[in-house]
Structure formats: structure tokens, C-alpha cells
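Asks: Let me give you the structure first, and then I'll get to my questions.
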Amino acid sequence: MGLLLTGNAGSYAQLITVLLIFVAVLGITALTTRWIANNQKQQAASGNIQVIETARISGSKYLQIVRIGETYKVIAVCKDTVTLLGEVPADQLKPNVRFGNFSFRELLDKAAGKRPDTAKKPEESRGHDET
């Protein structure tokens, strides 16, 4: 009977060891991914090239408005090629088109079909009920 307890204790110790190693590997992976993402974000923000807007034409074809320095170019991006279509004057672009100007909460509310002004209406209706 002493042999059975010793065998079970060894199995439990191995299971706990494997779980701890698994959690450690997950933690290292998460930290590495975050570090790589931050480095790539810093490199993208410091450059002179910025993608302003992307529109899908078909499954693997896109139109993009790209800012290069102070000029705006329209390019067609396909599976194997990128073609310059022309230049767009800055005054013809709509302001605040990029998703980077929105918070995650605003994007989530937009995806859920909520409008920011609808969240304030219940408060306003309560104020009308009191008078």
C-alpha cells in the first residue's frame, strides 16, 4: 500500500510541474508578443508613410489612401502587385476618417448598433418626467 501512495504522489508532482511550466511558457509568450507589438507600433508611428484609409474591392484587392510626407496617393493593392492610381489633394479628404481616432469602447458600441447620443436619452427623459 505504501507503493501506491508513493506512485500517486509522484504523478501529482509531475502534473503540477507540467502545469507550472505551461503557465510560465504562456506568460513568456504573452510578454514577448506585447514587446514585439510595442516595437512595431513605435516604428510605424515614426515613419513618413501612413495608411489613411482602406477599401476592399474584392476578396484580395484593395484601394488605399496613403500619406507619404505631405502628399496623399491612391494605390491599388492586389495579391502580387501594388499600382499607383493617382494623387488626391489634401483638401478633398474627409477629416477623421481613420479608426485610430476612436476608442475601443466607441468601436464596440458602433458594432453593437448603439449610438453615443442614445446613451444620454434615458437621463434626459427622467429629467422631463420630474417636471
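Numbering-wise (this note's numbering), the sequence shown opens with residue 1 and increments by one.
The beta-carbon is built from N, C-alpha and C at its ideal position, and this holds for glycine as well.
(1) Taking just the CA atoms, how far does Ala13 sit from Ala37?
(2) Can you pull the DSSP bridge partners for Leu63?
(3) List the residues that DSSP assigns as beta-bridge partners of Glu70.
(4) Grab me the residues of Ile57's own chain with a C-beta within less than 7 angstroms of its C-beta, minus the 5 sequence neighbours each way, in chain order.
(5) Could you pull the DSSP bridge partners for Thr83 from this structure?
Replies: Looking at the atomic coordinates:
(1) 36 angstroms
(2) Beta-bridge analysis with DSSP links Leu63 to Ala55, Ala76.
(3) Per the DSSP secondary-structure output, Glu70 pairs with nothing in a beta bridge.
(4) Leu63
(5) As DSSP reads the structure, Thr83 sits in a beta bridge with Ala76.
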